[in-house]
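What follows is a single structure, written as structure tokens, with notes after it.
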Amino acid sequence: GQQVMQIPQYQHVQEGEDFTTYCNSSTTLSNIQWYKQRPGGHPVFLIQLVKSGEVKKQKRLTFQFGEAKKNSSLHITATQTTDVGTYFCAFKVVDSNYQLIWGAGTKLIIKP
Amino acid sequence: GAGVSQSPSNKVTEKGKDVELRCDPISGHTALYWYRQRLGQGLEFLIYFQGNSAPDKSGLPSDRFSAERTGESVSTLTIQRTQQEDSAVYLCASSYDRGSGEQYFGPGTRLTVT
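Residue numbers (the numbering used here), protein chains in the order written: chain A, 1 to 112; chain B, 113 to 226.
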């Protein structure tokens, strides 16, 4: 079946450092969504990207969709303790009326 | 308005017993999903309902698992003869359109099989 590779699995950063997670697919994607799951919580929708090369920003978060629509990234500038959690990408494949396929998630850990 | 609700929030059961988990989606959402999330792991797709279409059951791990949904309302996930490896958080999500829209998650049911 369709899969997406999300890396890294974990990222430890000092507060104030940047964080990036990547999702890569071998298949062209119709769209890609990003979700955040706080420890003990449930996933919460952050954003959806649809267009080739699209870049969207939400305060310190920058989301990108690759030109070939096969990869995406989420970058957080100057991390804060409130950013802690696991970030998931989820996507729909072109020409598929199928449900979303989920990446494995990247866990952001702030070093004490 | 109300979000997705799930009940119970926690369930402890003995191995071999049956359990039933309930999900109330957001009113008007045609798509409903069940996922399983083991501790520290990602989301494992179980089943997908879209309106009155036949559900996509491709993610159900065994025939002990089944789910029903009546129209666009409540869904129940049933696990028969529970095993210890069934212990996980079971998440329900709903979305407005044909499955590619933003998903709204419920708080989950934490199932512990002893």
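Backbone N, C-alpha and C define an ideal beta-carbon position, used for all residues, glycine too.
For A/Ile7, I'd like the list of residues in its chain whose CB is within less than 6 Å of its CB, leaving aside the five on either flank, ordered along the chain.
Cβ neighbours of A/Ile7 beyond the five flanking positions: Tyr22.
Interface flag, A/Phe88 vs chain B, CB-CB below 8 Å
So, interface residue.
Give the interface partners of B/Glu184 over in chain A, defined as CB-CB distance under 9 Å, in chain order.
Going along chain A, no residue has its Cβ under 9 Å from B/Glu184, so there is no contact; the nearest lies around 16 Å.
Residues near B/Asp198 in its chain [Cβ-Cβ closer than 6 Å; skip 5 each side]
In chain order, Ile191, Val225 place their CB closer than 6 Å to the CB of B/Asp198, counting only its own chain and leaving out the 5 sequence neighbours on each side.
Whose C-beta lies closer than 7 Å to the C-beta of B/Ala200 among residues of the same chain, with five residues either side of it excluded?
Excluding sequence neighbours, B/Ala200 sits near Arg148, Gln149, Arg150, Leu223.
Residue closest to A/Phe65, alpha-carbon to alpha-carbon, out of A/Gly85, A/Ala78, A/Thr82, A/Ile47
Among A/Gly85, A/Ala78, A/Thr82, A/Ile47, the Cα nearest to that of A/Phe65 is on A/Ile47.
Could you name the residues of the same chain whose beta carbon sits closer than 6 Å to that of B/Ser178, not counting the 5 residues immediately before and after it, in chain order?
Here the set comprises Thr190.
Cβ-Cβ distance between B/Cys204 and B/Leu155 below 8 Å:
Not closer than 8 Å, so no.
I'd like to know whether the C-beta of B/Pro120 is nearer than 8 Å to at least one C-beta of chain A.
Answer no: the Cβ-Cβ gap between B/Pro120 and chain A never drops below 8 Å.
Could you name the residues that DSSP lists as bridge partners for B/Asp168?
B/Asp168 pairs with B/Tyr160.
Between A/Gly16 and the rest of its own chain, which residues show a CB-CB distance below 6 Å, the 5 nearest in sequence each way excluded?
Cβ neighbours of A/Gly16 beyond the five flanking positions: Ala78.
Alpha-carbon spacing of A/Pro39 relative to A/Phe88, whole angstroms
Just so you know, the alpha carbons of A/Pro39 and A/Phe88 end up roughly 13 Å apart.
What are the residues of the region 195–226 of chain B that lie near chain A, defined by any Cβ-Cβ distance shorter than 9 Å?
Shown in chain order are the members of the region 195–226 of chain B whose Cβ falls below 9 Å from a Cβ of chain A: Val201, Leu203, Ala205, Ser207, Arg210, Gly211, Ser212, Gly213, Glu214, Gln215, Tyr216, Phe217, Gly218, Pro219, Gly220.
From A/Leu100, A/Asp83, A/Gly53, A/Asn31, residue whose alpha carbon lies closest to that of A/Ile11:
Here residue 11 of chain A turns out to be Gln, not Ile, going by the sequence shown. Selected option, being the one with the closest Cα: A/Asp83.
So who's on the other strand from A/Gly85, going by DSSP bridges?
Partner(s): A/Leu108.
I'd like to know if B/Gly154 contacts chain A, where contact means its C-beta is closer than 8 Å to some C-beta of that chain.
The C-beta of B/Gly154 comes closer than 8 Å to at least one C-beta of chain A.
From B/Ser187 to B/Glu180, what does the alpha carbon distance come to, in whole angstroms?
Across the structure, B/Ser187 and B/Glu180 are spaced so that their CA atoms are roughly 6 Å apart.
Is the beta carbon of A/Val4 sitting closer than 8 Å to the one on A/Gly103?
Yes, these two residues count as a Cβ contact at 8 Å.
Taking the beta strand (DSSP E) that A/Val55 falls in, what are its first and last residues?
Segment 55–58, the beta strand (DSSP E) holding A/Val55.
Suppose the cutoff is 7 Å on Cβ atoms and the five residues either side in sequence are ignored; what does the same chain contact list for A/Val50 look like?
Apart from the 5 residues on each side of it in sequence, A/Val50 sits with its Cβ closer than 7 Å to the Cβ of Asn31 in its chain, given in chain order.
When burial is assigned at 16 or more other CB atoms within 10 Å of the CB, is B/Thr221 buried or exposed?
Residue burial annotation: B/Thr221 is buried, with at least 16 other C-beta atoms found within 10 angstroms of its C-beta.
Under 8 Å between C-beta atoms, does A/Leu100 make it to chain B?
The beta-carbon of A/Leu100 is placed less than 8 Å from the nearest beta-carbon of chain B.
On the DSSP bridge assignment, give the partners of A/Gln14 in chain order.
Note: A/Gln14 is bridge-paired with A/Lys111 in the DSSP secondary-structure output.
Helix or strand or just coil, what does DSSP make of B/Gln196?
Of the three classes helix, strand and coil, the one that applies to B/Gln196 here is helix, per DSSP.
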